[in-house]
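What follows is a set of notes on a single structure, which appears directly below.
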Ligand code: SF4
Ligand code: SF4
């Protein structure tokens, strides 16, 4: 099937440590590319500045870590190490800049290690995203922060930053996020059997590397194509995957979850691609809209503190809305924010009698048998309860 | 290995006065559990204690409670308890010990009781874990939480927007404190606190300068840690000024007499990273054994950096509090600014080497410290020793391994020193 072939192409492009596809885009357009680290990067600003935003999710298991281990030491997640390794091996040389923001202590320190080792050839920018959304002062502050970054990004692109462009970019990304939301409803929540979890993931992940308009088109076509399929769901449990908002689990692990009897009906994978639950609305200042949206309309995750609503309640709501039977915490080894939240989440689920299971992963994970057995046992305990 | 006798390290009046002050504070907290005197929980890094004191509110620092547990060798049961509650083995040890102790009942651990918080004020200064920690404490105690968001130092200086943002949040906190205490903020009183803070800050800087002496009259890692207690708990109050007067006088006298914190002082080191509190004494002895004295440390600046010129300013109360929280403390400064700080220390305090104590469960300090070693050792050619353990969890401290690393390093440094003074001898460079 044509879709399968497409997915295979993306798979290579997505995990390609040489970023061939980005190289091609640069050649074709004569423009520059900027990498960004997950989770809440304001890609609209990069796009509006005329740059190609490319998500850098570490290097998966395609890169031997030779130098970054000693730069980071023990107790550090793989995404930080492999991202550093990409830099040390000059694999990011094709990018003109790299954008980080305040998600956790590790990612923040990584940003400044990047600065020492690669700046200014690779222009390093860091955004402090506010963690206090109970005050209007945060909107003002973040608006000014975005403006500062926009100026730097436009300088990098060698042009003036035009506010009209930002409005256009917001519309483009609104459309892309709408497609992603539809994808989640059509092919996860309502008919999870139509596309395997790993293919579904790759389809989404292609959006981290393709320009938004191209990606939106592909996603829409896939939805249309697959919705015609009449096949029936199998006897599997419906789960919400929680904890993979930053470092991404190996594809094999996603496949194992499904093989072991789960339909992943909602998740926080690739959260950056669809972090507004609704279209971003704008008033006279698009920067302000962007700021307000991060503070008030973005999907929760363990790296965004919410002073107004508890994340545990939001997880519960997610479980209910997606009619899930259980939650699988799929957490990167040493991801401190996810592990802290795990405690509060777990308590909340226990109070509500929702079964859950913790599965830890890392990029260089090679055997999945232990995970498979655990998930199978978990699924059985629910199916035959 | 060259055998040396255990050395005596400096213990003096400063330590005794510190202890008295800290005991007094804990007693006040204990009493507040009965009287209902309002207490606010906050974090050490770039704290705004003057504001609380101006409202006559008692500060409670869960970090200090956690370190007290560790230094008294009481952290393990609390850590185990937190793991039972679902915390991961590698989550920050401070949080785990504090939450664990809370669940076990604090009387059993600290010896005195802690008042319930009227407000949990998370001054989010640098460390992301802070936000998690206080969120969990709020869930546990049911107290209201305010996250005072401090923009991280991503540029050289704080921007006017950064400062404005923090000031507006401080104004909201003032309203909360007014509600809690039932009193309006007396701005004159706040100014008085800031004036006294400034005097204490002057004294603290004078004290820090004494370690430029050869030999250094006190150890700027271990003894500075002791001094941090009064600096954070009592800053803005006369007690803090009195304490630093005592310390200053004592160090002045020791410097005049040529008394070193370790004697003889053979190596002057700069230390990066928090201490291994469960093995505080042991770690100190291991270094003293080699005649190594810390002449400067980064850890002692987590709560504030004053030696480069910043002072609280009573003419600009909220602005200067905001500036302190944003740019004038180690925790909220970037890694590169930390490198600069260490570079300055090595130069200004005539240090021979850098010791990086990497705390496994504290990413604020440790994530990327290998790069720091790379920078100092390769680029700056500073002999650098990198050791790992934890600030709270005794299970991460391997005494034999630590001893070996320290011995090998100083042995080699000694050779190198010898070689430098007698170039005909063969050399072996320290790792
Ligand atoms: S995986 Fe977790 S710890 Fe690592 S950079 Fe991402 S958020 Fe931070
Ligand atoms: S992570 Fe480090 S700085 Fe943060 S609370 Fe823990 S020990 Fe303190």
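Chains as they are written, first to last, in my numbering: chain A, 5 to 389; chain B, 10 to 440.
Virtual Cβ for every residue (Gly too), placed ideally from N, Cα, C.
Cutoff 8 angstroms; reference residue i; Cβ partners in own chain excluding five residues on either side
i              : result
residue 195(B) : 63
residue 11(B)  : Because the pLDDT of residue 11(B) is 42, which lies under 50, any placement of that residue in the model is unreliable, and the number read from its coordinates should be weighed accordingly. Around residue 11(B): 420, 423.
residue 147(B) : 129, 153, 154
residue 190(B) : 47, 64, 65, 66
residue 154(A) : 49, 52, 53, 165, 170, 291
residue 438(B) : Residue placement at residue 438(B) is flagged as unreliable, the pLDDT there being 43, under the threshold of 50; the coordinate-derived value follows with that caveat. Around residue 438(B): 392, 421, 425.
residue 229(A) : 7
residue 59(B)  : 199, 202, 203, 206, 244, 245, 321, 330
Sequence-distant residues of its chain with Cβ nearer than 6 angstroms to residue i (five each side left out)
i              : result
residue 377(A) : none
residue 14(B)  : In this predicted model, residue 14(B) has a pLDDT of only 47, less than 50, meaning its place in the structure is not dependable enough to derive any value.
residue 243(B) : 249
residue 440(B) : In this predicted model, residue 440(B) has a pLDDT of only 44, less than 50, meaning its place in the structure is not dependable enough to derive any value.
residue 151(A) : 291
residue 283(A) : 178
residue 34(B)  : 242
residue 255(A) : 202
residue 211(A) : 219, 277
Under 7 angstroms from the C-beta of residue i: neighbouring residues of chain B
i              : result
residue 112(A) : 161
residue 132(A) : 160, 161, 163
Within chain A, partners of residue i - CB distance below 9 angstroms
i              : result
residue 138(B) : 108, 109, 340, 341, 344
residue 390(B) : By Cβ distance, chain A contributes nothing, its closest Cβ being about 17 angstroms from residue 390(B), past 9 angstroms.
residue 103(B) : Near residue 103(B) there are no residues of chain A at all, since even the closest Cβ is about 12 angstroms away, more than 9 angstroms.
residue 56(B)  : Those within 9 angstroms of residue 56(B) in chain A number zero; the least Cβ separation is about 17 angstroms.
residue 133(B) : 135, 136, 309
residue 148(B) : 314, 316, 348, 351
Under 7 angstroms from the C-beta of residue i: neighbouring residues of chain A
i              : result
residue 94(B)  : 347
residue 97(B)  : 343
residue 379(B) : 74, 75, 76, 77
residue 156(B) : 135, 136, 309, 311
residue 367(B) : 77
residue 100(B) : 340, 343, 344
residue 343(B) : 116
Rounded Cβ spacing between residue i and residue j (contact assumed at less than 8 angstroms)
i              : j              : result
residue 157(B) : residue 131(B) : 6 angstroms
residue 382(A) : residue 306(A) : Their Cβ separation, rounded to whole angstroms, is 22 angstroms, which puts residue 382(A) and residue 306(A) out of contact at 8 angstroms.
residue 223(A) : residue 184(A) : 7 angstroms
residue 309(B) : residue 229(B) : 7 angstroms
residue 160(A) : residue 18(A)  : So it is not a contact: roughly 24 angstroms between Cβ atoms.
residue 97(B)  : residue 343(A) : 4 angstroms
residue 102(B) : residue 370(B) : 5 angstroms
residue 23(A)  : residue 103(A) : Not really, about 16 angstroms apart at Cβ, beyond 8 angstroms.
residue 333(B) : residue 135(B) : Rounded, the Cβ-Cβ distance is 13 angstroms, inconsistent with contact.
residue 331(B) : residue 176(B) : 5 angstroms
residue 279(A) : residue 303(A) : 5 angstroms
Where residue i meets chain B, residues with beta-carbon distance less than 8 angstroms
i              : result
residue 139(A) : 177, 178, 181
residue 249(A) : Chain B residues near residue 249(A): none, gap ~14 angstroms exceeds 8 angstroms.
residue 44(A)  : The premise fails here: residue 44(A) is roughly 14 angstroms from chain B at the closest Cβ pair, so nothing lies under 8 angstroms.
Amino acids of chain A, ordered along the chain, whose beta-carbon sits closer than 8 angstroms to that of residue i
i              : result
residue 39(B)  : By Cβ distance, chain A contributes nothing, its closest Cβ being about 29 angstroms from residue 39(B), past 8 angstroms.
residue 466(B) : No answer is possible for residue 466(B): the residues shown for chain B start at 10 and end at 440.
residue 384(B) : 120
Residues near residue i by beta carbon distance below 7 angstroms, same chain, minus five either side
i              : result
residue 352(A) : 316, 319, 320
residue 391(A) : Given that chain A is displayed from residue 5 to residue 389, the structure contains no residue 391(A) and the question cannot be resolved.
residue 134(A) : 142, 145, 146, 299
residue 436(B) : In this predicted model, residue 436(B) has a pLDDT of only 41, less than 50, meaning its place in the structure is not dependable enough to derive any value.
residue 253(B) : 209, 212, 213, 216
residue 375(A) : 257, 260, 363
Contact list for residue i against chain E, beta-carbon separation under 8 angstroms
i             : result
residue 84(A) : This model lacks chain E altogether, as its protein chains are A and B.
### Query
Which residues count as close to ligand 2 when the rule is a CB under 5 angstroms from any of its heavy atoms, in chain order?
Ordered along the chain, the selected set is 101(B), 103(B), 136(B), 138(B), 371(B), 373(B).
### Task
Spell out a yes or no on whether the stretch 263-272 of chain B and the stretch 291-305 of chain B are touching, meaning 3 or more CB-CB pairs, one atom from each, closer than 8 angstroms.
As far as the Cβ criterion goes, the stretch 263-272 of chain B touches the stretch 291-305 of chain B, which means the pair count is three or higher.
#### Entry: the stretch 316-332 of chain B in contact with the stretch 206-219 of chain B per 3-pair CB rule at 8 angstroms
Output reads yes: the stretch 206-219 of chain B touches the stretch 316-332 of chain B.
### Task
Flag this pair as touching only if the stretch 106-125 of chain B and the stretch 35-47 of chain B have three or more C-beta atom pairs under 8 angstroms; answer yes or no.
By the criterion of at least three beta-carbon pairs nearer than 8 angstroms, the stretch 106-125 of chain B is in contact with the stretch 35-47 of chain B.
### Query
Just checking, does the stretch 361-375 of chain B make contact with the stretch 57-65 of chain A on the three C-beta pairs under 8 angstroms criterion?
The stretch 361-375 of chain B, when compared against the stretch 57-65 of chain A, does not touch it at the 8 angstroms Cβ threshold.
### Query
Are the stretch 67-74 of chain A and the stretch 346-360 of chain A touching by the rule of at least three beta carbon pairs closer than 8 angstroms?
The stretch 67-74 of chain A vs the stretch 346-360 of chain A: no contact.
### Message
I'd like to know if the stretch 195-209 of chain A and the stretch 251-269 of chain A are in contact, where contact means that at least 3 CB-CB pairs between them fall below 8 angstroms.
### Response
Because the criterion of three Cβ pairs below 8 angstroms is met, the stretch 195-209 of chain A and the stretch 251-269 of chain A touch.
### Message
Check whether the stretch 359-368 of chain A and the stretch 196-203 of chain B are in contact - that is, three or more C-beta pairs closer than 8 angstroms.
### Response
Result no; under three Cβ-Cβ pairs closer than 8 angstroms.
### Query
Given 8 angstroms as the limit, is there contact between the stretch 273-290 of chain B and the stretch 79-92 of chain B, that is, 3 or more CB pairs closer than that?
Inter-segment contact for the stretch 273-290 of chain B and the stretch 79-92 of chain B is present: three or more beta-carbon pairs are separated by less than 8 angstroms.
### Message
Quick check: the stretch 334-345 of chain B against the stretch 32-46 of chain A, are at least 3 beta-carbon pairs closer than 8 angstroms?
### Response
The stretch 334-345 of chain B and the stretch 32-46 of chain A do not touch, with fewer than three beta-carbon pairs separated by less than 8 angstroms.
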